[in-house]
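Residue numbers (the working numbering), protein chains in the order written: chain A, 238 to 546; chain B, 16 to 268. The beta-carbon is built from N, C-alpha and C at its ideal position, and this holds for glycine as well.
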Amino acid sequence: MAFMNPVIHIENLSKTYKTGFSALKDINLDIQRGEIFALLGPNGAGKTTLISIVCGIVNKSTGSVLVDGHDTVSDFRVTRKMIGLVPQELHLSIFDTVWATVKFSRQLFGKADDDAYLEKILKQLSLWDKKDGKIMTLSGGMKRRVLIAKALAHEPKVLFLDEPTAGVDVALRKDMWNVVRELRDAGVTIILTTHYIEEAEEMADRVGVISKGQMILVEDKAKLMAKMGQKTLSIHLEKPLGKLPVKLKPFNVALGGDGASLTYSYDARAERPDISGLLKALDTAKISYTDVNTAQKSLEDIFMGLVKQ
Amino acid sequence: MNWRGVYAIFSAEMKRFFRTWIQSLLAPVISTVLYFVVFGAAIGSRISQIEGVAYGAFIVPGLIMLSLLTQSISNASFGIYFPKFSGTIYEYLSAPVSAFEMVLGFVGAAAAKSMLIGLVILATSALFVPLVIAHPLWMLAFLVLTALTFSMFGFIIGLWADGFDKLQVIPLLIITPLTFLGGSFYSIKVLPPFWQNISMFNPVVYLISGFRWSFFEVADVSVGMSLGMTLVFMAICLAITTWIFKTGYRLKN
């Protein structure tokens with residue numbers, strides 16, 4: 238991804254609540270135009286506080302946030318017009334119709350009526366046939382779509398999705414991912430916080446990991462996985478072994494607990510794994526095997542490793 | 016100035032009012048009719064006149080003021096409290112809407128609703144007693160100023176409240192007693208001198224007195240004093256609201 242001037246620039250941002258709890262500590266982060274940025278972190282890490290400050294819902298303690306070069310406090314009208322927010326909870330006026338609530342959002346952000354545009358986003362989110370229905374009659378998944386439609390109603394350049402697929406079934410989650418990709422293709426910068434590592438793995442261009450209020454890592458997702466991704470080769474044996482044969486000792490191999498499998502761990506990029514040598518050594522030792530498979534370390538493993546540090 | 020944003024808040028609040036018109040509009044009118052039946056017909060028939068005004072007519076400004084105060088407070092406090100309670104406040108806080116514009120939308124709508132109720136009560140009253148308004152412009156001025164001031168007061172209560180019970184505490188324990196003791200149904204001149212002096216600390220006395228003067232040219236205190244006290248109370252509410260938005264008290268962490 239070409240690194241232009243960032244659409245969001247966060248510098249030395251800190252937030253300490255009145256209780257003394259320090260939710261964010263000296264955060265520095267740039268979000269690039271047109272990317273999907275996934276912000277990962279355990280509960281209470283500071284993800285929602287961070288996006289709430291950028292959106293104007295929470296006051297910062299120190300530091301600065303610029304959106305497209307404009308300060309979010311002194312130039313709040315400009316920055317807020319550029320941002321759409323989909324909150325984590327289903328915060329909706331349940332007595333309103335879908336159409337009324339989306340139209341309200343557009344007006345609230347100071348945009349002139351444009352029914353054709355609202356029709357387009359409702360159709361894009363498969364909400365058009367529900368436009369006259371009251372929100373209270375919609376399913377949870379549909380309500381989440383309404384929140385996205387509201388956030389998009391004023392044509393933002395940047396969209397924050399706070400846990401967009403929390404509590405959403407698998408089919409709808411994948412559906413939602415498609416919507417997010419379409420938005421990115423339309424030029425919207427997406428920042429999503431998520432608990433689902435697979436969501437970040439599936440969609441993000443870059444990943445940020447926040448823990449205890451500190452940004453502990455910001456990395457291109459593919460690079461991150463390549464840099465930190467361990468691969469494992471599992472060999473399922475025909476007959477269990479009592480102990481690891483001497484001929485296999487030169488390889489970095491471990492015998493499975495029940496003796497029925499061998500596990501060979503290697504770094505996919507840092508070294509050239511001697512898989513063929515290992516298989517030859519097995520033949521020499523007359524050890525038969527029934528299955529061989531490989532697995533790469535997932536983003537979840539990487540994430541868990543980072544936050545435990 | 017984000018006028019569209021102000022209009023969005025104002026119209027959403029007005030829609031809520033008309034969606035619940037039985038509670039919003041019909042209930043205050045029925046209450047007023049009951050007051051007329053009890054105070055006007057049952058008790059009022061035994062009271063000849065107060066300061067040259069028939070008792071039935073005399074209580075009309077007080078009744079309108081009673082509804083205006085309670086409705087302004089309840090409409091405005093509920094208007095801002097409900098988004099806080101339901102969580103939809105996030106949208107207002109993340110929108111390019113300034114504190115002033117937000118107050119204009121919510122308080123403007125609450126004041127418009129309570130004025131509408133006040134005018135409906137006035138029209139209802141005219142069915143029971145012959146009414147002449149001596150100074151219609153002053154009557155409107157007091158109506159608008161009182162509605163705005165107490166809507167702003169209600170807005171503050173709505174921002175301060177962190178539970179439905181707190182929304183009711185101040186209106187029930189402070190405003191309603193002050194209104195009843197503020198000369199809604201009597202002239203404070205009929206009270207013993209000691210209680211007359213005590214009544215002068217009740218801000219509602221000035222509102223009702225000025226409003227009643229606009230109808231019948233009879234007042235407990237001078238109209239200038241009534242106007243001045245209304246403006247003072249409005250300035251206090253404005254100052255508190257400004258402070259709340261500046262600090263984010265109960266709005267932003």
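- Relative to the Cα of proline 324 of chain A, the nearest Cα in the group B:Lys99, B:Glu106, B:Ile172 belongs to B:Glu106.
- When 8 Å is used as the limit between beta carbons, alanine 124 of chain B is near no residue of chain A, the shortest such separation being about 13 Å.
- Neighbourhood of serine 60 of chain B in chain A, by CB distance below 7 Å: empty, with the nearest CB roughly 45 Å away.
- Beyond the five residues adjoining it in sequence on each side, leucine 362 of chain A comes within less than 7 Å, by CB distance, of Arg382, Ile385, Ala386, Val416 in the same chain, given in chain order.
- Nearest to threonine 334 of chain A by alpha-carbon distance, out of A:Leu485, A:Cys292, A:Ile264, A:Leu364, is A:Leu364.
- For leucine 246 of chain B against alanine 162 of chain B, the beta-carbon gap comes to about 14 Å, at or over 8 Å, which does not count as contact.
- Within the region 309–326 of chain A, Phe313, Arg314, Val315, Thr316, Arg317, Lys318, Ile320, Gly321, Leu322, Pro324, Glu326 place their CB atoms closer than 9 Å to a CB of chain B, listed in sequence order.
- Counted as a single uninterrupted DSSP element, the beta strand (DSSP E) harbouring glycine 321 of chain A occupies residues 320–323.
- Nearest Cα to valine 220 of chain B within the set B:Ser113, B:Val44, B:Gly169, B:Phe157: B:Phe157.
- Straight-line measurement puts the Cα of threonine 35 of chain B at about 13 Å from the Cα of alanine 27 of chain B.
- Three or more beta-carbon pairs drawn from the region 454–474 of chain A and the region 522–536 of chain A are found closer than 8 Å, and the two stretches are therefore classed as touching.
- Checking the DSSP bridge columns, you'll see glutamate 232 of chain B has no partner listed.
- Here isoleucine 62 of chain B is not near glycine 173 of chain B, since their CB atoms are 8 Å or more apart.
- The C-alpha of asparagine 489 of chain A is placed about 21 Å away from the C-alpha of glutamate 475 of chain A.
- With contacts defined by Cβ atoms closer than 8 Å, isoleucine 447 of chain A and alanine 282 of chain A form a contacting pair.
- Taken in chain order, the unbroken stretches of alpha helix (DSSP H) that lie wholly in the region 332–369 of chain A and span 4 residues or more are 335–345, 352–361.
- The straight-line gap separating the alpha-carbon atoms of alanine 254 of chain B and leucine 142 of chain B is approximately 41 Å.
- Contact check for threonine 469 of chain A against threonine 500 of chain A passes: the beta carbons are separated by less than 8 Å.
- For glutamine 86 of chain B, the enclosing alpha helix (DSSP H) has its first and last residue at 70–101.
- Taking 8 Å as the CB threshold, proline 218 of chain B stays off the interface with chain A.
- Contact annotation: serine 241 of chain B and leucine 222 of chain B have beta-carbon atoms nearer than 8 Å.
- Inter-residue distance for lysine 480 of chain A and glycine 496 of chain A is about 7 Å (C-alpha atoms, whole angstroms).
- Secondary structure at glutamine 533 of chain A: strand, using DSSP grouped into helix, strand and coil.
- Annotation: the continuous beta strand (DSSP E) that includes phenylalanine 397 of chain A extends over 395–399.
- The beta carbons of leucine 276 of chain A and threonine 430 of chain A sit closer together than 8 Å.
- By the neighbour-count criterion, in which 16 or more other beta carbons inside 10 Å mark a residue as buried, glycine 377 of chain A falls on the exposed side.
- Classified as exposed, tryptophan 210 of chain B has fewer than 16 neighbouring CB atoms from the shown chains inside 10 Å of its CB.
- Membership of lysine 262 of chain A in the beta strand (DSSP E) is indicated by the continuous run 259–268.
- Secondary-structure assignment with DSSP links tyrosine 526 of chain A through a beta bridge to A:Leu474.
- Counting the other CB atoms within 10 Å of its CB gives glycine 198 of chain B a total of 16 or more, which places it among the buried residues.
- With respect to the C-alpha of glutamine 86 of chain B, the residue from B:Phe51, B:Gln64, B:Pro186, B:Phe216 having the closest C-alpha is B:Pro186.
- For alanine 125 of chain B, there is no enclosing beta strand (DSSP E); the residue is part of the alpha helix (DSSP H) that begins and ends at 114–143.
- DSSP, read as helix, strand or coil, puts tyrosine 107 of chain B in helix.
- Taking a C-beta cut-off of 7 Å against chain A, the contacting residues of the region 109–133 of chain B are Ser109, Ala110, Pro111, Val112, listed in chain order.
- Going by DSSP, asparagine 217 of chain B is part of no beta strand (DSSP E) at all; its letter is neither H nor E.
- Straight across, the Cα-Cα distance linking threonine 338 of chain A with serine 330 of chain A is about 8 Å.
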